[in-house]
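For the sequence shown, this note's numbering assigns the number 3 to the initial residue and increments by one for each residue that follows.
No residue lacks a Cβ here, since even glycine has one placed at the ideal position from N, Cα and C.
For reference, the structure is listed below as C-alpha cells.
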Amino acid sequence: MNRDISLDILRGLMLIIMASDHFGEPIFQHLYEFAGYVSAAEGFVFLSGMLVALVYSRYHVAGGMVLEQRVWKRAAVIYQYHLMVVLGVFVFTVATQWSGAYWTSFANEMQAEPARGLLSAMLLVYQPPMLDVLPLYVVLMLLAPFGLRLMLQYQAIGVTMVLLGSASFWLAAQYGWGQDVLALLPHGLLLRGGAFNFMAWQLIFVLGMVLGFLRFNSKGTLPRVNGWLWSVSVVVIVALYLQRHGYIHRDWSPIAAWFQEYRHIGRDNLSWLRLTNFLAFVYVIAGVIVLHRRYNMLKLLALPARWLGFLGQHSLQVFAYHLVVLYCYIPFRWGDWALTDNQKWVALVFFLASLSLPALWHQAYLQRKKQAAQPVQNLKPLCNATMPPVILV
C-alpha cells in the first residue's frame with residue numbers, strides 16, 4: 003500500500019490533541035487553538051484527504067469502477083463506526099434521562115426526544131457535540147472518487163478543475179449557503195449541524211487530496227521547499243498567534259480590529275484568515291519533514307513517534323472509542339461526582355494511554371483476518387497448476 007508513515011504519525015498527533023481538547027478542563031483552556039487560529043481538526047481532515055489520494059489512486063489503472071468501490075467501501079466502514087458511536091451515545095443519553103441523573107448528555111435534543119434524535123443521527127442530519135466529524139468524513143468519502151478521477155484522468159487540468167470547484171463551494175459557504183441546504187431537509191427530523199460547515203471544510207480535504215495526488219505522481223520524491231515562502235509562513239503563524247491570544251489588541255488600530263472580526267476568523271465556515279493560518283502551518287511542517295528526512299533532525303522523538311504512528315494507523319477505531327468514553331465521562335466533569343482538577347489530570351493520562359486499546363484490538367483483528375485468508379492464498383499455486391488460465395474481460 004502506498005502509504006507514508008509520517009502521515010500516520012501526524013494523524014496520531016492530531017488524535018491526541020483532539021482527544022485532549024474534548025476531555026475538557028483543566029487542559030482545554032491551555033490546549034485549544036494554542037498555536038493560533040488552527041486546531042487539530044483542520045490537520046486531521048487535511049491528512050485524511052492526502053491518504054485518500056495516496057492509497058486509492060493506484061486503483062485507477064484497474065479500470066471499471068474499482069476505485070469508486072474501494073473508496074465507497076471505506077465510507078461504509080466509517081458510517082458503521084458512526085452508527086456504533088451513535089448507539090453508544092443513545093444508550094448513555096437514555097439512561098441519563100430514565101435515571102433522573104443530575105447531569106445531562108451533550109445530546110440534549112436526543113435526551114428530550116430519543117427516538118427522533120436517534121433516527122436523525124443515523125441519517126447524519128443531527129450532530130450533537132463531538133459527533134460531527136464522522137458524518138463529515140462519510141460525505142467526503144462518498145464524493146472523493148469524483149475529484150480523484152478527474153485528477154488521475156486529466157492530470158493538471160483535472161487538478162485545476164477540482165480546485166476551482168472546491169474553492170467555489172468554500173466561497174459560497176462564506177455567504178451562508180450551507181444553512182440554506184439544511185433548510186431543504188424534512189422538518190420531521192431533528193436538524194442540528196455540527197461545528198463544521200461541509201461546504202467550507204471540504205476545501206481542506208480537497209487540498210489534502212490534491213497534495214496526496216501530486217505526491218503519488220512524484221513516486222515519493224521529496225518536495226522542494228522555498229526558503230522565502232517558508233520564512234513568510236513562520237511570520238504569518240507568529241502574527242496570528244499573537245492576535246489569537248490577545249497580544250494584539252483591537253483598539254490599536256482599525257486594521258487590527260478588522261482582522262479580528264468573526265467573519266475573518268470564524269471556525270464553522272473556515273474563514274479566510276483561519277484558512278491562511280492553517281496553510282502556513284502546512285508549509286512549515288512540510289519544511290520540517292523534508293529537513294528531518296535529509297538530516298534526521300527528529301531522531302530523539304523516535305519512541306513517541308512510533309506510538310503516534312500506531313494510533314494513526316488505526317485512527318478510525320481510536321476516534322470512535324474516545325467519543326463514547328468522553329460521553330460516559332460527563333458525570334465526572336461537573337456536579338456532585340465531579341473530579342478535582344488534580345484528579346482530572348490523572349484521569350487524562352489514563353484516558354490518553356487507553357487510546358492504545360482500540361488500536362491494539364483492531365491490529366489483532368486484522369492479523370486474524372490475514373491468517374484466515376492465508377489457506378486460500380496457499381491453494382492458488384495448486385489451482386493454477388491444475389486448471390487452465392482464465393481470461394477476464
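Query                                                                                                           : Result
Tyr81 - DSSP class collapsed to helix/strand/coil                                                               : helix
Helix, strand or coil at Arg269 [DSSP, three-state]                                                             : coil
Cβ-Cβ distance between Ser273 and Phe46 below 9 Å                                                               : no
Short Cβ contact (9 Å threshold) for Met132 with Leu328                                                         : yes
Short Cβ contact (9 Å threshold) for Met153 with Val68                                                          : no
Coarse secondary structure for Tyr243, derived from DSSP in three states                                        : helix
Arg60, DSSP secondary structure in three states                                                                 : helix
Cβ contact (3+ pairs, closer than 8 Å) linking the segment 239-252 and the segment 23-42                        : yes
Reduced DSSP secondary structure (H/G/I, E/B, other) of Arg276                                                  : helix
Same chain, Cβ closer than 7 Å to Gln262, five either side skipped, listed in chain order                       : Gln245 and Arg252
Buried or exposed by the 16-neighbour rule on C-beta atoms within 10 Å, applied to Glu44                        : buried
Contact check, Val54 vs Ala146, beta carbons under 9 Å                                                          : yes
Contact under 9 Å by Cβ, Phe312 with Ile206                                                                     : no
Where the alpha helix (DSSP H) through Ala114 begins and ends                                                   : Asn110 to Ala114
Start and end residues, alpha helix (DSSP H) containing Lys221                                                  : From DSSP, Lys221 is part of no alpha helix (DSSP H); its letter is neither H nor E.
Phe352 classed as buried or exposed, judged by whether at least 16 other C-beta atoms fall within 10 angstroms  : exposed
Other residues of its chain near Gly214: CB distance less than 6 Å, five sequence neighbours each side excluded : Met52, Ala55 and Leu56
Same chain only: Cβ atoms within 8 Å of Arg396, ignoring 5 sequence neighbours per side                         : With the chain running from 3 to 395 in the structure shown, residue 396 is simply not present.
Contacting residues, own chain, Cβ-Cβ under 6 Å from Pro390 (five flanking each side not counted)               : For Pro390, the predicted model reports a pLDDT of 41, less than 50, meaning its position is unreliable; a value from the coordinates is still stated below. Counting only Cβ-Cβ distances below 6 Å, and skipping sequence neighbours, we find nothing.
For Arg194: DSSP bridge partner residues                                                                        : Tyr128
Option nearest Gly337 by Cα separation, candidates Val326, Val238 and Thr106                                    : Thr106
CB-CB length for Leu275 against His266, believed under 8 Å                                                      : 4 Å
Buried or exposed by the 16-neighbour rule on C-beta atoms within 10 Å, applied to Ala304                       : exposed
CB of Asn271 within 9 Å of CB of Gln176, strictly                                                               : yes
Option in Lys346, Arg370 and Ala322 with minimal Cα separation from Leu17                                       : Ala322
Beta-carbon gap between Tyr128 and Leu85 smaller than 9 Å                                                       : no
CB contact flag (Gly289, Val237, <9 Å)                                                                          : no
Backbone CA spacing between Leu406 and Leu89 [nearest angstrom]                                                 : In this structure the chain extends from 3 to 395, so residue 406 is not present and cannot be described.
Buried versus exposed, by CB contacts within 10 Å (16 or more), Val395                                          : Because the pLDDT at Val395 is just 32, under 50, the model does not fix this residue reliably, and the point stays unresolved.
With 16 other Cβ atoms within 10 Å as the buried cut-off, status of Arg269                                      : buried
Span separating the alpha-carbon of Pro130 from that of Tyr81                                                   : 16 Å
Beta-carbon proximity of Leu209 to Ser168, cut-off 9 Å                                                          : yes
Ala64 versus Val161: straight-line alpha-carbon distance, rounded                                               : 21 Å
Contact under 9 Å by Cβ, Ser204 with Trp172                                                                     : Note that residue 204 is Gln in the sequence shown, not Ser. Yes, the Cβ-Cβ distance between Gln204 and Trp172 is below 9 Å.
First through last residue of the alpha helix (DSSP H) which encompasses Tyr177                                 : Here Tyr177 belongs to no alpha helix (DSSP H), and DSSP marks it neither H nor E.
Separation of Tyr34 from Ala349, as counted between CA atoms                                                    : 18 Å
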